[in-house]
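There are 2 protein chains.
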Amino acid sequence: MEEEASANEFWEITELTSEFDITARTLRHYEEVGLLTPRRVGNQRLYSARDRVRIRLILRGRRLGFGLPEIQEMLDLYDADPTEATQLHEVIERGEAKSQQIEAQIEELQEILAELQELSTRMKHRLAMITSREE
Amino acid sequence: MEEEASANEFWEITELTSEFDITARTLRHYEEVGLLTPRRVGNQRLYSARDRVRIRLILRGRRLGFGLPEIQEMLDLYDADPTEATQLHEVIERGEAKSQQIEAQIEELQEILAELQELSTRMKHRLAMITSREE
DNA sequence: TCGTGGATTTCCGTTTACGTCAACGGAAGT
DNA sequence: ACTTCCGTTGACGTAAACGGAAATCCACGA
Chain A
1 MEEEASANEF WEITELTSEF DITARTLRHY EEVGLLTPRR VGNQRLYSAR
51 DRVRIRLILR GRRLGFGLPE IQEMLDLYDA DPTEATQLHE VIERGEAKSQ
101 QIEAQIEELQ EILAELQELS TRMKHRLAMI TSREE
Chain B
1 MEEEASANEF WEITELTSEF DITARTLRHY EEVGLLTPRR VGNQRLYSAR
51 DRVRIRLILR GRRLGFGLPE IQEMLDLYDA DPTEATQLHE VIERGEAKSQ
101 QIEAQIEELQ EILAELQELS TRMKHRLAMI TSREE
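This is the structure:
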């Protein structure tokens, strides 16, 4: 009975490094560039649930080849809470721009996928020819 | 009447730089790492139609965030012309592995897309609220 | 009080994918 | 012959995204 109170609201850095399989250096780097802003107790970092969500989003973006500034933009979109109409317009515009970009990206990936699958079926046919001839 | 014969079989480097909007350095770099192997006339590079196809594929891969070694792998798959059954198996395996990886990538992109679109509709609703209240 | 283990800061190193000179070459027009 | 215009080969520079080592800090238990 020492810290069970307030139900694990925060996480230390090493907990997250093992959970997400990244290094502490990486988390500190994300902080350096402004992607994360964990609380401090003394000089020790404590990450909130929101931070964890953001980490998940960042890593997904990285897997997909996005750069950190680009990921920052997308996080900004999620965070946006505009009250004025003009600001709302702006956020909607940027969101739809990103959407279109991602749609294009999906289409290009689907092209590659189709080509790979066609390749695969060609090779399978060829394999069938060979093995039948070899009997 | 000086070079119309054999119908523009090859391209010089600057033709390609303007066509694909990349620098000569980039093309030479792709050659350094083995992605391209243009012919030489003297020490001047001449790119074939096949080279142009590869350049297109390379640039598409780059847009999608793939690294050059990864692009090399995919080009190797397209180039593969295996005759032995074991080699065929290998190519098929690698091709299907890449396919699965790309499918996963597409799914993650679709998640992002869905989130962005949801965000957009939320913002549009909010905008509608505001503007109607302001009349 | 000491040490020990974990966290932090600082700073230099590394990889990838080119950018950017510098120096030179060869063909083409004049 | 001279300039002009690509083109070439080094060789070094650079931005992004961390890696890794060294030195420091610091709470906690024996």
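One line per chain: the protein sequences are A and B, in this order.
For the first sequence, counting from 1, position 30 maps to 30 in our numbering; every step adds exactly one.
For the second sequence, counting from 1, position 47 maps to 47 in our numbering; every step adds exactly one.
The beta-carbon is built from N, C-alpha and C at its ideal position, and this holds for glycine as well.
Burial state of residue i (16 or more Cβ within 10 Å)
i, result
"Ser120/A", "buried"
"Gln105/A", "buried"
"Glu2/B", "Note that Glu2/B has pLDDT 38, beneath the 50 cutoff, so the model's placement of it is unreliable and the number below is only indicative. Counting Cβ neighbours within 10 Å, Glu2/B comes out exposed, since fewer than 16 surround it."
"Gln110/B", "exposed"
"Pro38/B", "buried"
"Val138/B", "Chain B is shown only over 1 to 135; residue 138/B falls outside these bounds and no answer can be derived."
"Arg54/A", "buried"
"Asp51/B", "buried"
"Met142/B", "In this structure chain B extends from 1 to 135, so residue 142/B is not present and cannot be described."
"Gly95/B", "buried"
"Thr45/B", "Residue identity check: residue 45/B is Arg in the sequence provided, not Thr. Buried, by the Cβ-count rule."
"Met123/A", "buried"
Identity of the residues DSSP links to residue i by a beta bridge
i, result
"Tyr137/B", "The question about residue 137/B has no answer here: the residues shown for chain B are numbered 1 through 135."
"Val53/B", "BP columns for Val53/B are empty, so no partner."
"Arg136/B", "This structure does not reach residue 136/B, given that chain B is present from 1 up to 135, and the question cannot be answered."
Close-in-space but distant-in-sequence residues of the same chain around residue i (CB under 6 angstroms, 5 per side omitted)
i, result
"Ala24/B", "Ile13 and Thr17"
"Ala137/A", "Beyond the ends of chain A as shown, which are 1 and 135, falls residue 137/A; an answer cannot be given."
"Tyr78/A", "none"
"Thr131/A", "none"
Nonlocal neighbours in the same chain, by C-beta distance under 8 angstroms from residue i, ignoring five residues either side
i, result
"Glu70/A", "Gly61"
"Leu189/B", "The displayed coordinates of chain B run from 1 to 135. Any statement about residue 189/B would go beyond what the structure contains."
"Gln72/B", "Val33, Gly34 and Leu35"
"Gly67/B", "none"
"Phe10/B", "Arg39, Leu46, Tyr47 and Ser48"
"Phe20/B", "Ile55, Arg56 and Leu59"
"Ala114/B", "none"
"Glu31/B", "Thr37, Pro38 and Arg45"
Close-in-space but distant-in-sequence residues of the same chain around residue i (CB under 7 angstroms, 5 per side omitted)
i, result
"Ala88/A", "As written in the sequence, residue 88/A is Leu, which differs from the Ala given in the question. Taken in chain order, the residues that qualify are Pro82."
"Ala5/B", "In this predicted model, Ala5/B has a pLDDT of only 39, less than 50, meaning its place in the structure is not dependable; the value taken from the coordinates is given anyway. Here the set comprises nothing."
"Val41/A", "none"
| message | I'd like the ranges of any beta strand (DSSP E) spanning at least 3 consecutive residues and lying wholly in the region 60-110 of chain A. | response | none
| said: What are the residues in the region 77-91 of chain B lying within 9 angstroms of chain A by C-beta distance? | reply: Leu77, Tyr78, Ala80, Pro82, Thr83, Glu84, Ala85, Leu88, His89 and Val91
| query | Name the residues in the region 91-119 of chain A whose C-beta lies less than 7 angstroms from a C-beta of chain B; which are they? | reply | Val91, Ile92, Gly95, Glu96, Lys98, Ser99, Ile102, Glu103, Gln105, Ile106, Glu108, Leu109, Gln110, Ile112, Leu113, Leu116, Gln117 and Leu119
| In chain order, what residues of the region 23-54 of chain B put their CB closer than 8 angstroms to some CB of chain A? | none
| Under 7 angstroms (Cβ pairs) to chain B, residues found in the region 118-134 of chain A | Leu119, Ser120, Met123, Lys124, Arg126, Leu127, Ile130 and Thr131
| query | Just by C-beta distance, which residues in the region 63-74 of chain A are closer than 8 angstroms to chain B? | reply | Arg63, Leu64, Gly65, Phe66 and Met74
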